[in-house]
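Residue numbers (the numbering used here): 1 to 207.
All C-beta atoms in this analysis are idealised placements derived from N, C-alpha and C, irrespective of residue type, glycine included.
It should be emphasised that the depicted structure is a prediction, and the values quoted were computed from it without experimental measurement.
Here the structure comes first, spelled out in structure tokens, and everything after it is commentary.
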């Protein structure tokens with residue numbers, strides 16, 4: 001562990017271990033390299049709105065002939081009220097996210113696995129986009145958009161198949177125009193990082 005390709009300043013030992021293990025797993029499966037400093041403008045994504053601070057500890061590029069994609073190591077700070085306590089305390093989580101730049105403008109899109117609560121709400125107040133030609137996708141995922149025409153054009157069969165084939169089971173996808181972000185607010189794991197990298201590599205090459 002002589003060279004660590006991510007920022008370790010102020011990072012806990014647990015954080016160092018999680019990021020190192022995850023980076024090793026990614027490096028064994030993909031051709032990745034550190035990007036150096038890039039501002040990915042993560043503040044534009046709603047999935048991060050409840051965090052008090054967000055630090056990119058490392059960013060890595062997966063090189064492709066036509067469209068590179070990225071894996072991000074994130075340190076997320078948030079306030080949480082523990083059970084039985086009045087005051088909130090700050091918590092830190094280490095997460096992995098993947099990002100790609102898409103050829104089409106999707107508008108704003110949120111995709112996540114659909115829950116029973118979503119299905120009940122949809123009966124009373126239908127707001128999500130359904131794809132009648134792809135019932136399996138619509139039954140599995142909850143899709144919210146701000147521009148129906150852009151979204152249904154972008155979320156074509158190739159894109160839906162890539163989402164359906166994603167092996168992670170607790171992910172969220174957010175798209176802001178041409179920028180797609182996929183990840184989970186759950187703690188980082190090497191296995192999860194592999195699944196996200198597989199998806200982002202596929203999307204970057206086909207969408």
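One alpha carbon belongs to residue 92, the other to residue 132, and they sit about 41 Å apart.
Sequence-distant Cβ neighbours of residue 159 in its own chain, meaning closer than 6 Å and more than five residues away, are 207. In chain order, 134 place their CB closer than 8 Å to the CB of residue 157, counting only its own chain and leaving out the 5 sequence neighbours on each side. One Cα belongs to residue 17, the other to residue 96, and the distance between them is close to 14 Å.
Residue 184 counts as buried, since no fewer than 16 other beta carbons sit within 10 angstroms of its beta carbon. A distance below 7 Å separates the beta carbons of residue 174 and residue 45.
If you look at residue 53, you'll find it in the beta strand (DSSP E) that goes 53-62. The criterion of a C-beta distance shorter than 7 Å is satisfied by residue 172 and residue 112. Look at residue 184 here: in three-state DSSP terms it is coil, with no helix or strand label.
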